[in-house]
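To start, the structure under review is shown below, and the notes come after it.
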Amino acid sequence: MKIKAVLFDMDGVLIDTEKYLTRFWRQAAREAGLSLSEEESYQFRSFSSKYAAPWFAKTYGTQYDYWAIRERRKELMKEHLDQYGIEKKEGVDEVLHTLKAAGYQTAVVTATDEERTRSYLSEIHILDLFDDIVCATMVERGKPFPDVYEYACEKIGRKPEECVAVEDSPNGVRSAADAGCRVIMVPDLTQPDESLLAILDQKAESLREIPQMIETWNGQEK
Numbered sequence: 001m002k003i004k005a006v007l008f009d010m011d012g013v014l015i016d017t018e019k020y021l022t023r024f025w026r027q028a029a030r031e032a033g034l035s036l037s038e039e040e041s042y043q044f045r046s047f048s049s050k051y052a053a054p055w056f057a058k059t060y061g062t063q064y065d066y067w068a069i070r071e072r073r074k075e076l077m078k079e080h081l082d083q084y085g086i087e088k089k090e091g092v093d094e095v096l097h098t099l100k101a102a103g104y105q106t107a108v109v110t111a112t113d114e115e116r117t118r119s120y121l122s123e124i125h126i127l128d129l130f131d132d133i134v135c136a137t138m139v140e141r142g143k144p145f146p147d148v149y150e151y152a153c154e155k156i157g158r159k160p161e162e163c164v165a166v167e168d169s170p171n172g173v174r175s176a177a178d179a180g181c182r183v184i185m186v187p188d189l190t191q192p193d194e195s196l197l198a199i200l201d202q203k204a205e206s207l208r209e210i211p212q213m214i215e216t217w218n219g220q221e222k
């Protein structure tokens, strides 16, 4: 079945924020008395807070308040972005314009809440290039569960097999794959391990490779 829509994760795919998210998770945790390694902080990428909270308590102990640490992380990140602005990932505008010109539907599928998502995308002037915005707060279960991608497909009126998801993190990849979408991973902070490679359809070195990948897939469909 031909690809008709491209669903983009936001943090780490469209905007270069994952490096700050992990940095400020570590700082907020350290302020609370918990030392997290850089590798440990990667686990919070696209991890729905509803499920991250019990996981956090089980992993690090109930003496550390996940919700308070999370709120402090959000404060630190907001201060940074307010001061320095949001950085786009390389090739974002070019790729989005190419896909729109070719007739593909586009949507953002993110763990970030809708208000911040729209604010971030407006700040970098790409909000109008998407047909829809779908956030984990709109569904029962966020990433790594498939609900948010299933809902995104429903909202844009496409079957999952007509959609390709562009993700950078393991939780996002699993969410999209379990929803039945094809998945292209554009690694940001970490490369995919063997288990992730097994469920990926493609790995791209940059966003700029995506339009041609989709055209190749569609050219192979009769």
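FYI, in the working numbering the residues of the sequence shown are 1 to 222. Ideal Cβ placement from N, Cα and C applies to all residues, glycine included.
I'd like to check one pair, residue j with residue i: are the Cβ atoms closer than 9 Å?
i	j	result
residue 46	residue 11	yes
residue 170	residue 146	no
residue 126	residue 92	yes
residue 124	residue 88	yes
residue 69	residue 111	no
residue 189	residue 62	no
residue 90	residue 207	yes
residue 42	residue 80	no
residue 48	residue 158	no
residue 154	residue 5	no
Looking only at its own chain, which residues have a Cβ that is under 6 Å from the Cβ of residue i, when we skip the five neighbours before and after it?
i	result
residue 24	73, 76 and 77
residue 203	185
residue 44	25
Taking residue i as the reference, give the member of the options with the closest Cα.
i	options	result
residue 181	60, 100, 110 and 164	164
residue 212	194, 155 and 184	184
residue 82	98, 120, 64 and 67	120
residue 36	218, 60, 122 and 207	60
residue 122	217, 151, 85 and 138	85
residue 137	113, 71 and 175	113
residue 151	175, 128 and 129	175
Would you mind reading off the limits of the beta strand (DSSP E) that contains residue i?
i	result
residue 8	5-8
residue 132	132-135
residue 182	182-185
residue 164	163-167
residue 105	105-110
Give the straight-line distance between the Cα atoms of residue i and residue j, rounded to the nearest whole angstrom.
i	j	result
residue 167	residue 30	29 Å
residue 2	residue 34	48 Å
residue 103	residue 97	10 Å
residue 94	residue 215	16 Å
residue 32	residue 65	8 Å
residue 187	residue 26	21 Å
residue 14	residue 7	11 Å
residue 192	residue 54	25 Å
residue 179	residue 139	13 Å
Given residue i, which residues of its chain have a CB within under 7 Å of its CB, disregarding the five upstream and five downstream residues?
i	result
residue 131	105, 106, 107 and 156
residue 117	10, 108, 110, 133 and 135
I'd like the span of the alpha helix (DSSP H) that includes residue i, first residue to last.
i	result
residue 213	210-220
residue 128	Where residue 128 is concerned, there is no enclosing alpha helix (DSSP H), given that its DSSP letter is neither H nor E.
residue 153	147-156
residue 27	18-31
residue 191	That residue, residue 191, is in no alpha helix (DSSP H); it is neither H nor E in DSSP.
residue 117	114-123
residue 101	92-101
Looking only at its own chain, which residues have a Cβ that is under 8 Å from the Cβ of residue i, when we skip the five neighbours before and after it?
i	result
residue 18	11, 12, 45, 168, 169, 188 and 189
residue 38	22 and 26
Contact criterion: CB-CB distance below 9 Å. Does residue i meet it with respect to chain D?
i	result
residue 78	The chain labelled as chain D is not found in the depicted structure, where only one protein chain is given.
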